[in-house]
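Chemist:
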Amino acid sequence: MASSKEYLEFILGQLSELEEITYRAMMGEFIIYYRGKIVGGIYDDRLLVKPVKSAISYMPTAPYELPYEGAKEMLLVDEVDNKEFLTGLFHAMYDELPALKPKKRNKQFSVCIYLLKGI
Numbered sequence: 001m002a003s004s005k006e007y008l009e010f011i012l013g014q015l016s017e018l019e020e021i022t023y024r025a026m027m028g029e030f031i032i033y034y035r036g037k038i039v040g041g042i043y044d045d046r047l048l049v050k051p052v053k054s055a056i057s058y059m060p061t062a063p064y065e066l067p068y069e070g071a072k073e074m075l076l077v078d079e080v081d082n083k084e085f086l087t088g089l090f091h092a093m094y095d096e097l098p099a100l101k102p103k104k105r106n107k108q109f110s111v112c113i114y115l116l117k118g119i
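In structure tokens:
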């Protein structure tokens, strides 16, 4: 089941006090970024976050759930109605989140560009 745009907009509204919250649609679901790092996502109208130590400490009783079959478990955020809680959670998690890896360029594409520049 895909997540609804309405639920995404609700979550984005709850996170509106944070700067640089972005998202990316992916196969009917939404990946959530905070200041350029992946925090988690919306899967089947559930907010799930990466299980980094700070998130586990912040939500010690949060259940682990699968975003989709074959994925790694993530933490379910139950308190989505509490703006302060969500803001604090994202702040707490930020330093532990891995930086995004730079995209690798396609070697064939690079060779084509190099050859075209020589023409």
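Number 37 in the UniProt record's numbering belongs to position 37 of the sequence shown; there are no gaps in the numbering.
Virtual Cβ for every residue (Gly too), placed ideally from N, Cα, C.
Nothing here was measured: the structure is a model prediction, and the numbers come from that model.
What alpha helix (DSSP H) runs, 4 residues minimum, are completely inside the stretch 29–82?
Modeler: 53–58
Chemist: At the 9 Å Cβ level, is alanine 2 part of the contact set with chain D, yes or no?
Modeler: Going by chain labels, chain D is absent from the structure shown, which holds only one protein chain.
Chemist: From which residue to which residue does the beta strand (DSSP E) around alanine 99 run?
Modeler: Note, alanine 99: premise wrong, no beta strand (DSSP E); not H, not E.
Chemist: Where DSSP assigns a beta bridge to threonine 22, which residues make up the other side?
Modeler: Tyr33
Chemist: Would you call asparagine 2 buried or exposed, if buried means 16 or more other Cβ atoms sit within 10 Å of its Cβ?
Modeler: With the sequence shown as reference, residue 2 is identified as alanine, and asparagine is not the correct amino acid for it. Exposed, because fewer than 16 other Cβ atoms sit within 10 Å of the Cβ of alanine 2.
Chemist: Is DSSP giving leucine 8 helix, strand or coil here?
Modeler: helix
Chemist: Label tyrosine 43 either buried or exposed according to how many other C-beta atoms from any shown protein chain fall within 10 Å of its C-beta, with 16 as the threshold for buried.
Modeler: buried
Chemist: Please classify glutamate 84 as buried or exposed, where buried requires at least 16 other C-beta atoms within 10 Å of its C-beta.
Modeler: By the neighbour-count rule (16 or more Cβ atoms within 10 Å), glutamate 84 is not buried but exposed.
Chemist: State yes or no: is the C-beta of valine 49 within less than 9 Å of the C-beta of glutamate 96?
Modeler: no
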